[in-house]
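Taking this note's numbering, I'd label the letters of the sequence shown as residues 1 to 229.
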Amino acid sequence: MALFAIGDLHLSLGSDKPMDVFGEKWRDHAEKLKKGFARVGQEDLTLLCGDLSWAMSIREAEADFRFMHELPGKKLILKGNHDYWWSTAAKAYKFFSEQGFDSLQILHNNCYAYGDYALCGTRGWFYEEETGLEHDAKIMRREILRLEASLNAAGEREKLVFLHYPPIYQKYECPEILELLEKHKVRLCCYGHIHGKGISAAFNGWRGCTEFRLVSADAVDFAPVKLLD
Numbered sequence: 001m002a003l004f005a006i007g008d009l010h011l012s013l014g015s016d017k018p019m020d021v022f023g024e025k026w027r028d029h030a031e032k033l034k035k036g037f038a039r040v041g042q043e044d045l046t047l048l049c050g051d052l053s054w055a056m057s058i059r060e061a062e063a064d065f066r067f068m069h070e071l072p073g074k075k076l077i078l079k080g081n082h083d084y085w086w087s088t089a090a091k092a093y094k095f096f097s098e099q100g101f102d103s104l105q106i107l108h109n110n111c112y113a114y115g116d117y118a119l120c121g122t123r124g125w126f127y128e129e130e131t132g133l134e135h136d137a138k139i140m141r142r143e144i145l146r147l148e149a150s151l152n153a154a155g156e157r158e159k160l161v162f163l164h165y166p167p168i169y170q171k172y173e174c175p176e177i178l179e180l181l182e183k184h185k186v187r188l189c190c191y192g193h194i195h196g197k198g199i200s201a202a203f204n205g206w207r208g209c210t211e212f213r214l215v216s217a218d219a220v221d222f223a224p225v226k227l228l229d
């Protein structure tokens with residue numbers, strides 16, 4: 001069972017939200033995703049790193065989740081900043097069960113065992129103290145607690161982390177997340193969120209014991225990146 005990752009599918013199959021307004025690369029991107037997933041086997045697992053559907057409710061997102069479910073292999077999803085359909089994991093699982101979307105599982109306040117590895121993660125958040133926005137500070141504290149809970153649940157397994165927001169981007173760093181990655185000796189951290197011209201400024205490489213990779217859909221040509229065989 002191979003492990004793959006991709007983020008930011010930005011599907012809108014049940015609503016009118018064309019992605020080609022963000023550039024020619026996004027034209028017919030759902031078809032590009034289908035072709036990209038041809039490399040994924042039915043026994044493989046793909047991490048979907050947030051911003052999955054533009055839908056405003058989970059019912060409105062049905063066509064998008066059906067599309068994800070019908071892609072090859074199992075999918076482990078986490079929340080992004082544009083996943084407005086999200087309310088709770090319990091409600092999402094209830095919806096998936098009702099629709100028969102049994103290839104979809106959720107990474108939220110938990111971890112997922114993958115052989116000798118533990119797949120951990122949360123959405124993350126951009127927060128810089130000089131803005132003085134307490135709302136942002138509260139969100140960041142909550143995301144740190146969720147990531148810590150996920151990492152603690154992993155026990156002694158080697159840990160791989162999946163986020164939506166990058167913990168490093170240009171001059172921005174999130175010290176709380178970076179400290180957790182270092183403390184738990186996380187080998188790999190994949191993230192999304194960055195698109196278009198921002199891709200060239202994204203951090204891909206090693207910092208301490210952790211390798212960082214950007215896996216947003218337009219950064220990886222709409223094809224999941226293989227992480228492990």
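Don't be surprised by glycine CBs; every beta carbon is placed ideally from N, CA and C.
(request) Counting only the same chain and skipping the five closest in sequence on each side, list residues whose C-beta sits under 7 angstroms from that of Glu129. (result) The count along the sequence shown starts at 1 and reaches residue 129 at position 129. Unreliable positioning characterises Glu129 in this predicted model, as indicated by a pLDDT of 49, which lies under 50. The coordinate reading is nonetheless provided below. Taken in chain order, the list of residues that qualify is empty.
(request) Leaving out five residues on either side along the sequence, give the residues of the same chain with a beta carbon under 6 angstroms from the beta carbon of Leu71. (result) Here residue 71 corresponds to residue number 71 of the sequence shown, with the count starting at 1. Result list for Leu71: Phe37, in chain order.
(message) Please classify Ser97 as buried or exposed, where buried requires at least 16 other C-beta atoms within 10 Å of its C-beta.
(response) For the purposes of this step, residue 97 is taken as residue 97 along the sequence shown, with counting starting at 1. For Ser97, the number of other beta carbons within 10 angstroms of its own is below 16, and it is reported as exposed.
(request) Return yes when the Cβ of Arg123 is within less than 8 angstroms of the Cβ of Tyr165, no when it is not. (result) Along the sequence shown, one-based indexing puts residue 165 at 165. Along the sequence shown, one-based indexing puts residue 123 at 123. A Cβ-Cβ contact shorter than 8 angstroms links Tyr165 with Arg123.
(message) Which residue wins for smallest C-alpha separation from Lys91, given the options Ile106, Gly80, His82, Asp16?
(response) Within the sequence shown, residue 91 is the residue found at index 91, counting from 1. Ranked by how close their Cα comes to the Cα of Lys91, the residues Ile106, Gly80, His82, Asp16 have Ile106 in first place.
(message) Does Ala2 come out as helix, strand or coil in the three-state DSSP assignment?
(response) Indexing the sequence shown from 1 puts residue 2 at position 2. In the structure shown, Ala2 sits in coil (DSSP, three-state: anything other than H, G, I, E or B).
(request) Pull up the distance between the alpha-carbon of Glu232 and that of Arg142, whole angstroms please. (result) As shown, the chain starts at 1 and ends at 229. That puts residue 232 outside it, with no answer to give.
(request) Since I believe Leu48 is in contact with Gly7 (beta carbons under 8 angstroms), could you give me their beta-carbon distance rounded to a whole number of angstroms? (result) Here residue 7 refers to the residue found at position 7 when the sequence shown is read from its first residue. Here residue 48 refers to the residue found at position 48 when the sequence shown is read from its first residue. Confirmed, Cβ separation roughly 7 angstroms.
(request) Could you tell me the distance, in whole angstroms, from the CA atom of Cys209 to the CA atom of Glu148? (result) Counting from one through the sequence shown, the residue named residue 209 turns up at place 209. Counting from one through the sequence shown, the residue named residue 148 turns up at place 148. Cys209 and Glu148: Cα-Cα distance of roughly 17 angstroms.
(request) Assign Ser87 to one of two classes, buried (16 or more other C-beta atoms within 10 Å of its C-beta) or exposed (fewer than that). (result) Counting from 1 along the sequence shown, the entry for residue 87 is found at position 87. Burial call: exposed.
(message) Using C-beta distances below 7 angstroms, list every residue in its chain close to Trp85, excluding the 5 sequence neighbours before and after it, in chain order.
(response) The residue given as residue 85 occupies position 85 in the sequence shown. Taken in chain order, the residues that qualify are Ser53, Ala55, Met56, Ser57, Ile58, Glu60, Ala61.
(request) Closer than 7 angstroms by C-beta to Lys226: which residues in its own chain qualify, once you throw out the five before and the five after it? Chain order, please. (result) Along the sequence shown, one-based indexing puts residue 226 at 226. Ala2, Phe4.
(request) Indicate the three-state DSSP secondary structure (helix, strand or coil) for Lys75 in the structure shown. (result) Along the sequence shown, one-based indexing puts residue 75 at 75. Lys75: strand per DSSP, three-state reduction.
(message) Below 8 angstroms on the Cβ atoms is my contact criterion, and I expect Tyr172 with Phe126 to pass it. Report the Cβ-Cβ distance as a whole number of Å.
(response) By one-based count along the sequence shown, residue 172 stands at place 172. By one-based count along the sequence shown, residue 126 stands at place 126. In this structure Tyr172 touches Phe126 by the C-beta definition: roughly 7 angstroms separates them, less than 8 angstroms.
(message) On the criterion of 16 or more Cβ atoms from any shown chain inside 10 Å, does Gly50 qualify as buried, or is it exposed?
(response) Within the sequence shown, residue 50 is the residue found at index 50, counting from 1. Here Gly50 is buried, its C-beta having at least 16 other C-beta atoms within 10 Å.
(request) Assign Leu231 to buried or exposed, taking buried as 16 or more other Cβ atoms, counted over all protein chains shown, within 10 Å of its Cβ. (result) Here the chain comprises residues numbered 1 to 229, so residue 231 is not present and cannot be evaluated.
(message) I need the straight-line Cα distance from Leu89 to Leu78, nearest angstrom please.
(response) Counting from 1 along the sequence shown, the entry for residue 89 is found at position 89. Counting from 1 along the sequence shown, the entry for residue 78 is found at position 78. Looking at the sequence shown, residue 89 is not Leu but Ala. Using only the alpha carbons, I get a separation of about 10 angstroms.
(request) Please go through the segment 132–160 and give each complete alpha helix (DSSP H) segment of 4 or more residues, from N-terminal end onward. (result) Qualifying alpha helix (DSSP H) stretches, in chain order: 134–153.
(request) Give the secondary structure of Gln105 by DSSP, where H, G and I count as helix, E and B as strand, and everything else as coil. (result) Residue mapping note: residue 105 aligns to position 105 of the sequence shown, counting from 1. Looking at Gln105 - three-state DSSP - the assignment turns out to be strand.
(request) Note down the Cα distance separating His10 from Leu214, rounded to an integer number of angstroms. (result) Looking up residue 10 in the sequence shown gives position 10. Looking up residue 214 in the sequence shown gives position 214. Distance from the CA of His10 to the CA of Leu214, rounded to the nearest whole angstrom, comes to 16 angstroms.
(request) Please list, in chain order, all residues of the same chain as Lys25 whose beta carbon is under 7 angstroms from its beta carbon, the five residues on each side excluded. (result) Taking the first residue of the sequence shown as 1, we reach residue 25 at position 25. So the qualifying residues of the chain are Asp218.
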